[in-house]
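Data first, discussion second: the structure below is written as structure tokens.
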Amino acid sequence: MSSTGGGAIPSGGNRAIVWFRGTDLRLHDNVIVHEAARRVEAGQVSEVLPVFCFDPRFLSASAWGNPKTGPYRAQFLLESVADLKARLRAAGSDLLVALGKPEE
């Protein structure tokens, strides 16, 4: 699995995007990751771009003023994303980390 993390984008071909959501940051048994790798091996896509987006609404207050995410959960999410990035780098890829509303 390759990504554009610091390298040149291959000419031609398609790019598959694997969008990791806040609750599923697994690699070893992730069906979507395995499907993306299979498509690279089959020549259907030239590269895979793993993406995680920190949605500010996840960290904002609820309608009642309570935090949606406490400090321990926020720390766990930060550590989990860092671990995912390290595991992807160990596999020869990387993780694009963004901040903002994913739909924008």
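Here the sequence shown is numbered in my numbering, starting from 503 and rising by one per residue. By construction, the Cβ of each residue, glycine as well, lies at the ideal position given by its N, Cα and C atoms. Just so you know, these numbers come straight off a predicted model, no measurement behind them.
- In the same chain as residue 559, and ignoring 5 residues on each side of it, the C-beta atoms closer than 8 Å to its own belong to 570 and 603, in chain order.
- Under the DSSP assignment, residue 538 falls in the alpha helix (DSSP H) whose first and last residues are 533 to 543.
- Using a Cβ distance threshold of 9 Å, residue 551 and residue 519 count as a contacting pair.
- Bridge partners of residue 569 according to DSSP: 563.
- For residue 525 and residue 567, the gap between their C-alpha atoms comes out near 23 Å.
- Between residue 590 and residue 601, the C-beta gap is not smaller than 9 Å, which leaves the two residues out of contact.
- When the five nearest sequence neighbours on each side are left out, the beta carbons in the same chain lying within less than 6 Å of the beta carbon of residue 555 are those of 600 and 604, in order along the chain.
- The distance from the Cβ of residue 542 to that of residue 521 is about 17 Å, inconsistent with a contact at the 8 Å cut-off.
- As the crow flies, the alpha-carbon of residue 576 is around 19 Å from that of residue 565.
- Shortest Cα-Cα distance from residue 588 to any of 529, 546 and 535 involves 529.
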